[in-house]
Amino acid sequence: MDDLFPIKIENAQAMIAFGEQIAESLKAGDVVALVGDLGAGKTHITQGIAKKLGYLAEVTSPTFALVNEYVAAKPELIHFDLYRLEQAEELLEIGWEEYLERDAVLVVEWADRFPELMPAGTICIHIEHVEGGRELFYSKI
Ligand SMILES: Nc1ncnc2c1ncn2[C@@H]1O[C@H](COP(=O)(O)OP(=O)(O)OP(=O)(O)O)[C@@H](O)[C@H]1O
Ligand SMILES: [Mg+2]
C-alpha cells in the first residue's frame, strides 16, 4: 500500500479510481484514517473503496449521521465522519469499540480530530490541496 504514495491526483474521478486501488490491499479489520481539510476529497476516496468492495449504491458523506454502514460490501464497509463530533465519548457511546471488533473495513473522515481513538496499525492517508489537484501521503499510526 505505501508504495502507492506519495501521489498527485488531479480530479475527483481519479480520486475515486485511487480509492479502488487502495481497496485492493484492504482486509476486514483494517482502519483507514482520511485526513485532510474541508473538501480535500475524503468522501471520493471512500466512494472508490466502496465501489471496489462491491457496494454499488451511492456513498455520501455521513456528516449528519456520524456513521454509515455499507453491509452489501465485502468485507462490510463502515464509514465515519468525525467532523461534527465534539467529544470522543460520543463515538464510544455509539459503539466505536464494537465497530473495531467487526469483520469490516472502517474508513474514518476527520480521524485526526480524535487521534487517541485510532488503534495501532491504522492506515493514515493525508490529503493536501495543491495547485491542480491534491497530493496524498501515507503513514501508519
Ligand atoms: N483530486 C482532486 N482534484 C480536484 N478536485 C477534487 C479532487 N478530489 C475531490 N475533488 C473535489 O473536491 C470536492 C470535495 O470532495 P469530497 O466531498 O470528497 O471532500 P471531503 O474531504 O469528503 O469533504 P468534507 O471535508 O466536506 O467531508 C468535490 O467537489 C470533488 O469533486
Ligand atoms: Mg466528506
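Residues in the sequence shown are numbered from 52 upward in steps of one, following the numbering used here.
We put the CB at the ideal spot given by N, CA and C, even for glycine.
Exercise. Using CA coordinates, which residue listed in ASP132, ARG135, LYS102 is at the minimum distance from ALA123?
Worked result: Cα-wise, what sits closest to ALA123 is LYS102.
Exercise. Shortest alpha-carbon distance to ARG185 belongs to which of ALA171, ALA162, LEU89, VAL82?
Worked result: Comparing Cα positions, the closest option is LEU89.
For this session: Write down the C-beta distance between ILE145 and ALA84 rounded to the nearest angstrom, noting that I regard them as a contact closer than 8 angstroms.
Result: In fact, because the Cβ distance is near 18 angstroms, the residues do not count as touching under 8 angstroms.
Exercise. For ILE67, which three-state DSSP category applies?
Worked result: Residue state, collapsed to three classes: helix.
Exercise. When the Cα atoms are used, what is the spatial distance from ALA63 to LYS125?
Worked result: Near 24 angstroms, if we compare the C-alpha coordinates of LYS125 and ALA63.
Problem set entry | Inter-residue CB distance, ALA155 and ALA79 (contact presumed, cutoff 8 angstroms) | About 6 angstroms; that satisfies the 8 angstroms criterion.
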